[in-house]
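These protein sequence lines map, in sequence, to chains A and B. Residue numbers for the first sequence, in my numbering: 1321 to 1507. Residue numbers for the second sequence, in my numbering: 1321 to 1507.
There are 2 protein chains.
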Amino acid sequence: MTTDRRTLIADAAITTLAAEGMRGFTHRAVDRDAGLPEGSTSYYFRTREALMVATLGRMAELDMAEAGPVPALGGVLGLDELTDIVTALIQRFLTTSRARTLARYELSLESTRRPALRARLLEHGAAIRAMGEHLLTAAGAPEPRRRGHTLVAQIDGLVFDQVAGAGSLDEADLRAACRDMLASALR
Amino acid sequence: MTTDRRTLIADAAITTLAAEGMRGFTHRAVDRDAGLPEGSTSYYFRTREALMVATLGRMAELDMAEAGPVPALGGVLGLDELTDIVTALIQRFLTTSRARTLARYELSLESTRRPALRARLLEHGAAIRAMGEHLLTAAGAPEPRRRGHTLVAQIDGLVFDQVAGAGSLDEADLRAACRDMLASALR
DNA sequence: CCGCCTCCTCTACAGCTGTAGTGGACTCTA
DNA sequence: TAGAGTCCACTACAGCTGTAGAGGAGGCGG
Chain A
1321 MTTDRRTLIA
1331 DAAITTLAAE
1341 GMRGFTHRAV
1351 DRDAGLPEGS
1361 TSYYFRTREA
1371 LMVATLGRMA
1381 ELDMAEAGPV
1391 PALGGVLGLD
1401 ELTDIVTALI
1411 QRFLTTSRAR
1421 TLARYELSLE
1431 STRRPALRAR
1441 LLEHGAAIRA
1451 MGEHLLTAAG
1461 APEPRRRGHT
1471 LVAQIDGLVF
1481 DQVAGAGSLD
1491 EADLRAACRD
1501 MLASALR
Chain B
1321 MTTDRRTLIA
1331 DAAITTLAAE
1341 GMRGFTHRAV
1351 DRDAGLPEGS
1361 TSYYFRTREA
1371 LMVATLGRMA
1381 ELDMAEAGPV
1391 PALGGVLGLD
1401 ELTDIVTALI
1411 QRFLTTSRAR
1421 TLARYELSLE
1431 STRRPALRAR
1441 LLEHGAAIRA
1451 MGEHLLTAAG
1461 APEPRRRGHT
1471 LVAQIDGLVF
1481 DQVAGAGSLD
1491 EADLRAACRD
1501 MLASALR
């Protein structure tokens, strides 16, 4: 499978961003991570901002591919199932897609200063919150919109803490926290 | 009040970090923000990492000065008082000390790659979580330690969302979210 | 008055960065 | 086969960065 050159570069960019931060996020560093000759990244994405936007786009694509299967469930969701789904999602953020998680935080902070990035990020964030809302609706929660937004933000906090903070909670703690949040939301 | 030169620089560094991110966090940029001649920052903090550590130290100092008055309350805390305290804290993070909040996230992410920074950050984080634990203990919550950790992380998520994410929650939503979290913790 | 010491500013410099442009290899069209 | 077009690797270059060090201003002890 020879992936598209741009996709290959965007994937490498996610890795670079997670490993080196915004400071080390340079055209040449991405070239290295992608195993391409110097100049490749700069050819496909002339400016650093274009590279960021492309990286974000690729992240959104991967996020959706990963989370897509989840809301395909039918029927009414109970607290236990909901907890399972959310806990599994968090675990994936922390392991399989840890790099993408870190890269997302980097880009979020950067979007504070870059309108072009901010617009894309909000778009993607809206899609994620919509999923949260959808899940809560399926479980019959009141005010699913507000609750969904809150829930997503709180979960993000737990993930951030695990990935860039103290990381003092084990899997059982995370599960308990999710269950409490969801129980509040369903009340 | 002529503050110590190092303190002046560290304060400027917080501003620079919040405004320009890790990438724009350079000796010369801090010189400019501090209104000092070029070379000053580089003289007091020879390496960039030393500057980061000093910045973090100053942030911890300011955080403590700000939060210090809070736990001075006596007596048993009720859910309402607790909610008031926490909501007020969040509001301060988002307004008065917004820059410091952003700088903290920048440094948290950076600490992922810098052991020297990580050590200091964990130290400060421990102090903050101790405050959370203390508050919950005063309110008679079971498992205040675990609950405190979770609470702090969740609050951080709400703050991050407001400051660098969608920011779709208004003050009433934040208050409601806090109340729910605290109610869960007290149960 | 002299010499010393501290605090600071200024300058030097090698290395890296973003971005643009040149030119070659390869592929398709006729 | 000739020509045009596309994709890509490489190079150029000005600007910025981290860090080190030289040197000067001003105060202090004698």
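Glycine is no exception: its CB is placed at the ideal position from the N, C-alpha and C atoms.
Output needed in chain order: residues of the region 1425-1442 of chain A with a Cβ under 9 angstroms from some Cβ in chain B. Tyr1425, Glu1426, Ser1428, Leu1429, Glu1430, Ser1431, Thr1432, Arg1433, Leu1441 and Leu1442
Looking at C-alpha atoms only, which residue of B:Ala1458, B:Ile1334, B:Leu1494 and B:Val1483 is the closest neighbour of Gly1468 (chain A)? B:Leu1494
Only counting the same chain, and skipping five residues up and downstream in sequence, which positions put a Cβ closer than 6 angstroms to that of Arg1499 (chain B)? Thr1403
Any contact of the region 1347-1355 of chain A with the region 1331-1338 of chain A, i.e. 3+ C-beta pairs under 8 angstroms? yes
From this set, A:Pro1462, A:Pro1464, A:Leu1506 and A:Ala1423, which residue's C-alpha is nearest Arg1378 (chain A)'s C-alpha? A:Ala1423
8 angstroms is my cut-off, CB to CB: does Tyr1363 (chain A) come that close to chain B? no
Are Thr1336 (chain B) and His1347 (chain B) closer than 8 angstroms when you measure CB to CB? no
For Leu1478 (chain B), return the contacting residues in chain A, with the cut-off set at a CB-CB distance below 8 angstroms. Thr1470, Ala1473, Gln1474 and Gly1477
Along chain B, in chain order, which residues have C-beta atoms closer than 8 angstroms to that of Met1342 (chain A)? Gly1341, Met1342 and Arg1343
Give a yes or no on whether the minimum CB-CB distance between Ala1333 (chain B) and chain A is below 8 angstroms. no
Quick check: the Cα distance between Ile1405 (chain A) and Tyr1363 (chain B), rounded to an integer number of angstroms? 53 angstroms
Inter-residue spacing [alpha-carbon to alpha-carbon] between Met1451 (chain A) and Arg1368 (chain A): 31 angstroms
Using 10 angstroms around the beta-carbon of Gly1477 (chain B), count the other beta-carbons present and answer buried if the total reaches 16, otherwise exposed. buried
What separation, rounded to the nearest whole angstrom, lies between the Cα atoms of Ala1380 (chain B) and Gly1341 (chain A)? 23 angstroms
Among the candidates A:Asp1481, A:Asp1490, A:Ala1505 and A:Leu1371, whose CA atom is the shortest distance from the CA of Ala1446 (chain B)? A:Asp1481
Show which residues of chain B have a CB atom less than 8 angstroms away from the CB atom of Leu1422 (chain A). Leu1429 and Thr1432
Taking the alpha helix (DSSP H) that Gly1341 (chain A) falls in, what are its first and last residues? Arg1325 to Gly1344
Hey, out of B:Ala1387, B:Leu1399, B:Arg1326 and B:Asp1400, whose CA is closest to Arg1366 (chain B)'s CA? B:Arg1326
Collapsed DSSP secondary structure at Pro1464 (chain B) in the structure displayed: helix
Verify the CB distance criterion: does Gly1460 (chain B) have a CB-CB separation below 8 angstroms to chain A? no
Find out if the Cβ-Cβ distance for the pair Ser1428 (chain B), Ala1484 (chain A) is shorter than 8 angstroms. yes
Find the nearest neighbour of Ala1492 (chain A) within the set A:Leu1471, A:Thr1407 and A:Leu1455, judged by alpha-carbon distance. A:Thr1407
Using the beta-carbon of each residue, which ones in chain A are nearer than 7 angstroms to Ser1360 (chain B)? Within 7 angstroms Cβ-Cβ: nothing; Ser1360 (chain B) doesn't reach chain A, min ~22 angstroms.
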